[in-house]
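J.: If you read the sequence shown in numbering that gives the first Met the number 0, its first letter stands for residue 0, the second for the next number, and so on. Even for Gly, the Cβ is constructed at its ideal location relative to N, Cα and C. Given the structure is predicted, the values throughout are model-derived calculations rather than measurements.
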Amino acid sequence: MTAPRVRFAPSPTGSLHVGGARTALYNWLFARRGGGTFILRIEDTDVERSRRELTDQILHAMRWLGLDWDEGPFFQSERGALYHEAADRLLAEGKAYRAFETPDELDAMKKSAAASGSAFRYDGRARAISKEESDRRAASGEKFVVRLNVPDEPLVVDDAVQGRTEFPAGALDDFVLVRSDGHPLYHFTVCVDDVAMGITHVIRGADHLPNAPKHVALFRALGAPLPVFAHLGMILGTDGKKLSKRHGAAGVEEFEAEGYLPAALDNFLALLGWSPGEDRERMTLAEMVSLFSLERIGPSPSRFDHEKLAWLNGQYLQEVPAARLIEMLKPFRVPDFDPELLARAIALHRSRARTLVDLAHALAIYGDDPMDFDAAGMKKFGKPDAAPLVRTLAERLSAAEPFTHAALEEAARALAAEKGLKLGDLAQPARLGLTGVLASPPLFELIEVLGKETTRRRLLAFADLLARVPAAH
0 MTAPRVRFAP SPTGSLHVGG ARTALYNWLF ARRGGGTFIL RIEDTDVERS
50 RRELTDQILH AMRWLGLDWD EGPFFQSERG ALYHEAADRL LAEGKAYRAF
100 ETPDELDAMK KSAAASGSAF RYDGRARAIS KEESDRRAAS GEKFVVRLNV
150 PDEPLVVDDA VQGRTEFPAG ALDDFVLVRS DGHPLYHFTV CVDDVAMGIT
200 HVIRGADHLP NAPKHVALFR ALGAPLPVFA HLGMILGTDG KKLSKRHGAA
250 GVEEFEAEGY LPAALDNFLA LLGWSPGEDR ERMTLAEMVS LFSLERIGPS
300 PSRFDHEKLA WLNGQYLQEV PAARLIEMLK PFRVPDFDPE LLARAIALHR
350 SRARTLVDLA HALAIYGDDP MDFDAAGMKK FGKPDAAPLV RTLAERLSAA
400 EPFTHAALEE AARALAAEKG LKLGDLAQPA RLGLTGVLAS PPLFELIEVL
450 GKETTRRRLL AFADLLARVP AAH
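1) Using DSSP with H/G/I as helix, E/B as strand and the rest coil, what is T36?
2) Going along the chain, which unbroken runs of the alpha helix (DSSP H) with 4 or more residues stay wholly within the segment 47–135?
3) Could you tell me the distance, in whole angstroms, from the CA atom of I446 to the CA atom of A375?
4) For H472, which residues in the same chain have their Cβ closer than 6 Å to its Cβ, ignoring the five residues on either side in sequence?
5) Just to confirm before moving on: does the CB-CB distance between A125 and R146 stay below 8 Å?
6) Please check the pair L347 and E444, which I expect to be a contact at CB under 8 Å, by giving their CB distance rounded to whole angstroms.
7) Below 8 Å, can you find three or more Cβ-Cβ pairs linking the segment 330–339 to the segment 362–381?
8) Count the C-beta pairs between the segment 199–214 and the segment 47–54 that are closer than 8 Å, then say yes if the count reaches three, no if not.
9) Use the C-beta contact count for R281: other C-beta atoms within 10 angstroms, 16 or more gives buried, fewer gives exposed.
10) Rounded to whole angstroms, what is the Cα-Cα separation between P300 and D238?
11) Can you find at least 3 beta carbon pairs, one from the segment 79–99 and one from the segment 174–192, that sit closer than 8 Å?
12) Using the three-state DSSP reduction, which class does S289 fall into: helix, strand or coil?
13) Starting from F380, trace the alpha helix (DSSP H) in both directions and tell me its first and last residue.
14) Runs of 3 residues minimum, wholly inside the segment 213–284: which ones carry the beta strand (DSSP E) assignment?
15) Let me make sure I understand the geometry here. Which of T283, D304 and R178 has the alpha-carbon closest to that of L235?
16) What does a CB cutoff of less than 6 Å around L433 pick up in its chain, not counting 5 residues either side in sequence?
17) Can you look up H472 in the DSSP assignment and give me helix, strand or coil?
18) Roughly how many angstroms lie between the CA atoms of K382 and A413, to the nearest whole one?
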């Protein structure tokens with residue numbers, strides 16, 4: 000097979016949605032698997048809605064996901080001459096024609112169709128205008144649109160994912176290619192670019208499937224071979240409805256900001272519609288490339304399960320080397336302390352975290368001393384008579400030598416035995432005073448990382464707080 004040439008063509012009218020990211024990923028995997036070319040094209044001809052900062056966001060998201068491109072980015076806004084040249088050629092060949100109806104005339108035609116209970120379809124009346132008259136009227140400044148002269152014959156879409164669909168003759172009207180202001184429209188620019196760029200496979204979402212007959216007609220008019228179409232099943236929320244903000248994060252940059260890893264998101268998106276076989280769930284990009292094929296993409300919609308993504312991300316998080324993880328945590332305001340101690344703290348907390356945000360939040364206890372304490376914990380352990388015990392524990396832990404978790408636990412157990420208590424009767428108030436919460440990694444390993452000075456300061460401050468608690472608390 001000839002090496003494939005595929006494209007990802009986002010519109011910079013919004014940030015990169017996970018649906019678009021999956022489309023980009025599948026195109027990238029297909030190109031890499033076949034030793035082909037992955038082209039990035041920015042479809043920014045919607046002047047009112049396209050914004051440069053959104054283009055920058057899309058490019059950043061692509062790079063973050065590890066999806067490098069071989070050609071581009073090409074901007075449709077810079078390719079106007081190509082579209083006008085193609086329109087002129089279609090006019091000269093009689094495959095397109097000028098239509099001079101005014102907005103009022105078109106509105107009257109639409110009202111007439113509505114009155115008869117039918118959808119508006121342009122009836123092709125301008126086809127009857129001779130080339131000479133059309134040229135004369137255009138030269139005189141009369142406004143016109145350019146419409147495709149759609150042949151009266153069936154249109155077939157052989158889709159590699161959704162299967163074969165045949166559209167009968169007359170299924171399309173003569174749709175507009177170029178507006179009266181000279182602005183080329185979406186379907187036209189897409190096909191002109193696909194032809195010019197030698198695209199062999201068009202892999203995109205199933206929401207574009209209704210456009211496929213128009214594109215088949217345009218490829219024929221342009222005298223180009225049809226690419227292989229592959230329309231991917233839609234991505235839905237867990238409720239079966241179109242994925243949107245109400246389901247949680249839906250943009251790639253949102254997942255980055257929430258502390259997801261690109262490898263986990265790539266892995267998760269790849270499995271939304273594609274099966275690598277053998278019930279595989281964990282894969283690197285390189286492994287995906289070696290296994291990817293259009294034949295293993297299913298036609299049905301997929302459901303985006305945030306909970307499963309979080310679980311998968313947590314699995315990836317456990318495998319990142321500590322030094323790399325320290326770098327990845329920098330945007331998330333992790334306390335600035337000794338890298339060796341930070342690495343030890345990460346080792347304590349990472350098994351409980353599913354995102355970098357989770358981990359950063361857990362590491363916050365190594366920064367400022369706690370000011371707020373869990374209400375349920377205070378109700379249970381925040382009694383005034385616990386103050387002397389916490390103060391004594393602070394002194395015993397400070398005296399432990401060496402200051403290791405084993406020696407610290409031994410000191411605490413000895414104090415508990417002296418007081419006729421269980422270790423938990425000491426550990427829970429200590430945990431609350433040191434972290435503000437009742438859930439943490441193993442207490443004495445935590446204390447070892449906090450260090451002698453911080454541990455003593457926090458426990459003594461907590462003892463003073465307990466001493467001030469009203470007796471009725």
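T.: Per the coordinate set shown:
1) strand
2) 51–64, 79–91 and 102–114
3) 22 Å
4) Bear in mind that the predicted position of H472 carries a pLDDT of just 43, short of 50, making it too unreliable to give a figure here.
5) yes
6) 6 Å
7) yes
8) no
9) exposed
10) 12 Å
11) yes
12) helix
13) A374 to F380
14) 227–231
15) D304
16) R457
17) Low local confidence applies: a pLDDT of 43 at H472 is under 50, so the model's placement there is unreliable, with the coordinate-based value given in what follows. Of the three classes helix, strand and coil, the one that applies to H472 here is coil, per DSSP.
18) 22 Å
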